[in-house]
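1 is the number of the first residue of the sequence shown in UniProt numbering; add one for each residue after it.
Think of the CB as a built atom: it goes at the ideal place given N, C-alpha and C, for glycine as much as any other residue.
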Amino acid sequence: MRAIVATALASFDVNQNMDPLIDLLCDRAWWVRYRAATSLILCSDIAAVVKKIEAREDRYALEMFQFALDKQALCNRKVVA
1 MRAIVATALA SFDVNQNMDP LIDLLCDRAW WVRYRAATSL ILCSDIAAVV KKIEAREDRY
61 ALEMFQFALD KQALCNRKVV A
């Protein structure tokens with residue numbers, strides 16, 4: 001259920017839901033963390049998100065968020081044949 005909430009919050013104003021999403025990013029279940037990270041990368045101020053995650057001192061939350069950012073960067077690259 002928490003993973004569904006993390007995904008659903010992305011459908012609303014992600015910037016206003018940053019704190020609940022960061023709470024979910026610190027969840028004990030990796031799939032909840034992943035879904036929250038995927039939602040958080042839609043925020044307009046990524047630096048503010050990183051700062052709030054770092055304040056939590058949850059290394060796995062920061063790691064998952066970085067993974068989501070890296071995945072997005074790879075998906076946005078144009079393939080040149």
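Quiz item: Shortest alpha-carbon distance to residue 61 belongs to which of 51, 26, 72, 46?
Solution: 26
Practice problem: With DSSP collapsed to three states, give me the class of residue 16. | Solution: coil
Self-check item: alpha helix (DSSP H) segment containing residue 63, residue limits
Solution: 59-76
Exercise. State buried or exposed for residue 76, treating a residue as buried only when at least 16 other CB atoms are found within 10 Å of its CB.
Key: exposed
Quiz item: Is the beta carbon of residue 37 sitting closer than 7 Å to the one on residue 68?
Solution: yes
Self-check item: Start-to-end residues for the alpha helix (DSSP H) that takes in residue 41
Solution: First-last for residue 41: undefined, no H or E at that position.
Quiz item: Where does residue 2 fall in DSSP's three states?
Solution: helix
Practice problem: Specify the secondary structure class of residue 56 as computed by DSSP and reduced to three states. | Solution: helix
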